[in-house]
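Numbering (full-length UniProt numbering), first residue to last: 1 to 244. Here is the structure we will look at.
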């Protein structure tokens with residue numbers, strides 16, 4: 001298994017555009033936009049909390065995770081299917097499942113690196129405090145990231161071609177990012193929009209990350225929605241994934 005992960009890592013790094021984009025874009029947004037006056041203010045709707053304190057950093061974490069999960073991962077796996085890699089592996093003692101696991105591990109590693117850089121540089125440059133409830137933050141991060149990768153695997157199972165996979169992922173990603181508060185904090189959204197977002201996978205993930213970053217416990221409903229997303233998408237991806 002370790003050899004498979006290392007092999008996929010080498011292939012992963014031959015075309016580093018996706019991983020670099022996933023790491024650098026959130027970091028540049030955090031450092032570049034994080035110093036603007038609008039994010040340094042504490043609107044009453046935010047409970048006296050500056051947007052830069054918890055909302056903006058957690059949304060950058062979400063952006064790094066979903067970029068890997070919904071665009072990079074599906075594009076790679078569908079290209080493997082198109083080129084016959086998965087079909088050839090299915091005739092060998094090496095299970096194709098190992099390749100899927102190796103891909104998820106490598107993408108997860110990039111997401112973790114991006115998150116560590118966001119926390120580290122955010123603290124050094126912007127004076128942000130790290131997550132005040134680090135264990136809960138880590139638990140929410142793992143659960144939410146797993147649910148996003150489950151969604152990515154489902155896209156991989158359904159996408160008809162490697163060219164269409166990242167497009168499908170993007171079509172799904174941007175509405176979910178909006179509902180989770182990427183561009184407009186959820187506190188400023190109408191009640192109906194927030195209620196709909198509460199039952200979509202990304203908004204509960206983002207809110208739970210923000211809660212644990214601020215030192216609060218995540219809401220049970222948000223954890224349930226994220227966990228159900230993982231179970232449903234993982235189950236469907238397992239049933240529908242085509243090796244050739």
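Just so you know, even glycine gets a beta-carbon here, dropped at the ideal spot from N, CA and C.
Nearest candidate by alpha-carbon position, reference residue 76, set 152, 124, 29, 26: 152
Looking at C-alpha atoms only, which residue of 80, 33, 205, 214 is the closest neighbour of residue 142? 205
Quick check: the Cα distance between residue 63 and residue 89, rounded to an integer number of angstroms? 33 Å
I'd like the list of long-range same chain contacts for residue 23, defined as Cβ closer than 8 Å, with 5 residues on each side in sequence excluded. 64, 110, 113, 114, 117
Thinking C-beta only, is residue 66 closer than 8 Å to residue 173? yes
Nearest residue (CA-CA) to residue 137, options 119, 161, 33: Of the candidates 119, 161, 33, the one whose C-alpha sits nearest the C-alpha of residue 137 is 119.
Threshold first: 4 residues or longer. Then list the alpha helix (DSSP H) segments lying entirely within the stretch 119-198, N to C. Listed in chain order, the alpha helix (DSSP H) runs fully inside the stretch 119-198 are 134-158, 164-180, 191-197, counting runs of at least 4 residues.
When 202, 168, 134 are compared against residue 229, the one with the closest alpha-carbon: 202
Would you be able to state if there are at least three C-beta pairs under 8 Å between the stretch 213-221 and the stretch 120-132? The stretch 120-132, when compared against the stretch 213-221, does touch it at the 8 Å Cβ threshold.
Beta carbon of residue 237 nearer than 8 Å to that of residue 154: yes
Could you tell me which of 68, 73, 99 sits nearest to residue 243, measuring between CA atoms? Of the residues 68, 73, 99, the one whose Cα lies closest to the Cα of residue 243 is 99.
If you measure between the beta carbons of residue 29 and residue 68, is that distance less than 8 Å? no
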